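Trainee:
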Amino acid sequence: MRPRVVLVGQLSYFPPVFDSACRAGIDLILVPRSDDPITPARLPAPVVELLPLPIATDPDAALDLLAQRHNREPFDGVMAGNEKVVQFVARAAARLGLVGLTDEAAAVVRDKALMRARLLAAGLTIPDFVVLAGPDRWRDALRLRFPLVVKPTNGYSSLGVVRIDRPDQLAAAVARVHALATARLAEGRPVEVLVEEYLDGVELTAESIAHQGTVRVCGVSYKSDMPGPYFEETMMRAPTRLPADVVTAVEHEVVAAHVAFGVTDGTTHTELRLLADGTPVLLEMAARLGGAGVMHHVIHAATGIDVAAEALRVHMGHSPEYWTKPPARRGHGAAFSVPVGPGGRVARVRGLDGLRDDPRVDYVIGNMVHPGDVLEPYPNWSAYPGIVLSHHDSDADATAFHHYLARNVRVEYEPA
Ligand code: ADP
Ligand code: CA
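Using the working numbering, you'd call the opening residue of the sequence shown number 51 and step up by one each time.
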């Protein structure tokens, strides 16, 4: 029988992960997100079963249902498909005797304040920071050096992440981020606000695979400049143009962070900034595929490493194939996320359709917003209007393509 992995909360219309599972010969049991329009009649190819679970509303019941399903007919692994289910998946793996994170490691990677504390204790470079239990504590952050970044401790997608340059902006920024986190990210607990010093430098991401405590970085990619005050991600490309010794320093930092966080198994997406003197400084780590598989595509196209397939293998208890059989380098991978821009009521997303025939384009993920939807601008982000995943012969071509997309693909809003 073919191996089976339960993939929890992976959006069904992000195809790269499903294509990886097909290539690897792994069947998937998909636990759909509540906002996923998937139906049993239209499943991605490797999905053999839909298993809805009430993870957000009743995680204990969800765990029982998953255990019952496992008892009926065991599966080989369970893997997180989005940030919010990382802790649930860790608990599920532990209960079912499958590969996963410890509860403790899962809690650390879901909390930016805990990550900062762990990095500090491990002696790694971090920006000075303050954790605020409530908005009235904002004066505690006045001792930091401006500019500062104010953000929720448990966020994602740059939701509620704000840069401020002056002390007179602090009270309002903390109140705003706290209110947004309370409304959008509370998860039944009191929210905290993290304030930290702004790191000036290019932003990098690293996609890694960990197996029984050994960690290897699959690839490092470059993100377009994000000076703030809000941090909408639009372009990612790999490999970077950085010298090999700088990439090695980034890899060392990323591996050290896995140790500091106790992340021993699975795949991770780590974000860093590179200071002017070449020091890599971690922003955060997510214990899942980056961008629901978007970063897997970028690294796969660049290095030939099938990050998503390796992640599935690790969750089945197998060692990663690329550790013993490194693939030949392929070229350049790229991802473009259509900017939300000013937000409003969507009239149309212009410029995506013609891209499907471009031989460099591998995927156009475009059914996330529809005419009539209301999109909130950053920092109140609510949805991605579209994503273009491509491959290129050179970084110059990838960069030129991204500049073309930036000029030609956009959300058009109805007149206010
Ligand atoms: P999220 O989980 O919402 O993505 P991040 O900590 O990754 O939160 O912050 C989102 C973005 O904000 C980052 O990608 C980065 O561009 C910017 N950012 C966050 N913290 C800092 C910082 N200390 N210095 C500079 N930029 C930061
Ligand atoms: Ca991030």
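C-beta: ideal position from N, C-alpha, C; glycine also.
What you are looking at is a predicted structure, and each value in this text was computed from that prediction instead of being measured.
Between Leu116 and Arg323, what straight-line distance do the alpha-carbon atoms span, to the nearest angstrom?
Mentor: For Leu116 and Arg323, the distance between alpha carbons rounds to 39 angstroms.
Trainee: Ordered along the chain, which non-local residues of its own chain (more than five positions away) have a Cβ less than 7 angstroms from that of His442?
Mentor: Excluding positions up to five away in sequence, the list reads Gly381, His382, Ala384, Arg410, Ala448 and Phe451.
Trainee: Can you list, in chain order, every residue whose CB sits closer than 6 angstroms to a heavy atom of ligand 2?
Mentor: Those residues, listed in chain order, are Glu321 and Glu334.
Trainee: With C-beta atoms as the reference, is Arg195 less than 8 angstroms away from Glu247?
Mentor: Contact flag set, yes.
Trainee: Since I believe Arg168 is in contact with Ala310 (beta carbons under 8 angstroms), could you give me their beta-carbon distance rounded to a whole number of angstroms?
Mentor: 4 angstroms between Cβ atoms; contact.
Trainee: Can you tell me where the beta strand (DSSP E) holding Tyr463 begins and where it ends?
Mentor: That run of the beta strand (DSSP E) goes Arg460 to Tyr463.
Trainee: Give me the residue from Ala256, Gly278 and Met366 with the minimum Cα distance to Leu332.
Mentor: Comparing Cα positions, the closest option is Ala256.
Trainee: Can you tell me whether DSSP reads Tyr17 as helix, strand or coil?
Mentor: A query on residue 17 cannot be resolved here, the shown segment of the chain reaching from 51 to 466 and no further.
Trainee: Is any heavy atom of ligand 1 found at a distance shorter than 7 angstroms from the C-beta of Pro427?
Mentor: Not under cutoff, so the answer is no.
Trainee: Express the C-alpha separation of Asp190 and Ala260 in angstroms, rounding to a whole number.
Mentor: When rounded, the distance between both Cα atoms is 37 angstroms.
Trainee: With distance defined between alpha-carbon atoms, name the residue in Ala433, Gly404, Ala143 and Asn417 nearest to Ser62.
Mentor: Out of Ala433, Gly404, Ala143 and Asn417, Asn417 has the C-alpha closest to the C-alpha of Ser62.
Trainee: Which class does Asp202 belong to by DSSP, given the choice of helix, strand or coil?
Mentor: Checking the sequence shown, residue 202 turns out to be Pro, not Asp. Pro202 falls in the strand class under three-state DSSP.
Trainee: Give the range of the alpha helix (DSSP H) segment to which Arg213 is assigned.
Mentor: Looking at the DSSP string, Arg213 is not in any alpha helix (DSSP H); the run it does join, the beta strand (DSSP E), is Val212 to Ile214.
Trainee: When you compare each of Pro427, Ala306 and Val227 to Ser258 by their alpha carbons, which one comes out closest?
Mentor: Ranking the options by Cα distance to Ser258, first place goes to Ala306.
Trainee: When you measure from the CB of Ser207 to every non-hydrogen atom of ligand 1, does any distance come out below 7 angstroms?
Mentor: At least one heavy atom of ligand 1 is nearer than 7 angstroms to the Cβ of Ser207, so yes.
Trainee: Per the DSSP calculation, Ala260 is bridged to which residue(s)?
Mentor: Bridge partners of Ala260: Val265 and Gly316.
Trainee: Could you check if Met165 belongs to the surroundings of ligand 1, using beta carbon to heavy atom distance under 7 angstroms?
Mentor: It does not: the Cβ of Met165 is nowhere closer than 7 angstroms to a heavy atom of ligand 1.
Trainee: Please go through the stretch 217–248 and give each complete alpha helix (DSSP H) segment of 4 or more residues, from N-terminal end onward.
Mentor: Whole alpha helix (DSSP H) segments, 4+ residues: 220–234.
Trainee: According to DSSP, simplified to helix, strand and coil, what is Thr329?
Mentor: Coil, per DSSP.
Trainee: Since Phe179 is in the beta strand (DSSP E), which residue starts that stretch and which ends it?
Mentor: Unbroken beta strand (DSSP E) run through Phe179: Phe179 to Leu182.
Trainee: Mark Glu464 as exposed unless 16 or more other C-beta atoms lie within 10 angstroms of its C-beta, in which case mark it buried.
Mentor: The residue is exposed, with fewer than 16 neighbouring Cβ atoms inside 10 Å.
Trainee: First and last residue of the beta strand (DSSP E) that includes His420?
Mentor: Careful: His420 lies outside any beta strand (DSSP E) and carries neither H nor E.
Trainee: Quick one: Cα of Pro65 to Cα of Pro94, how far?
Mentor: C-alpha separation (whole angstroms): 8 angstroms.
Trainee: Touching or not, the stretch 411–430 and the stretch 268–288, by the rule of three or more beta carbon pairs under 8 angstroms?
Mentor: Yes, the stretch 411–430 is in contact with the stretch 268–288.
Trainee: For Val159 versus Val136, is the C-beta distance shorter than 8 angstroms?
Mentor: In contact: Val159 and Val136 (Cβ atoms closer than 8 angstroms).
Trainee: Taking the runs of the alpha helix (DSSP H) that are 4 residues or longer, which of them lie wholly in the stretch 82–144?
Mentor: Taking only runs of at least 4 residues, the alpha helix (DSSP H) segments lying wholly in the stretch 82–144 are 109–122.
Trainee: Would you mind working out which of Val149, His346 and Thr317 sits nearest Asp412, comparing C-alpha positions?
Mentor: The candidate whose alpha carbon is nearest that of Asp412 is His346.
Trainee: Whose CA, out of Met276, Ser440 and Val270, lies closest to the CA of Val296?
Mentor: When each option's Cα is compared against that of Val296, the closest is Val270.
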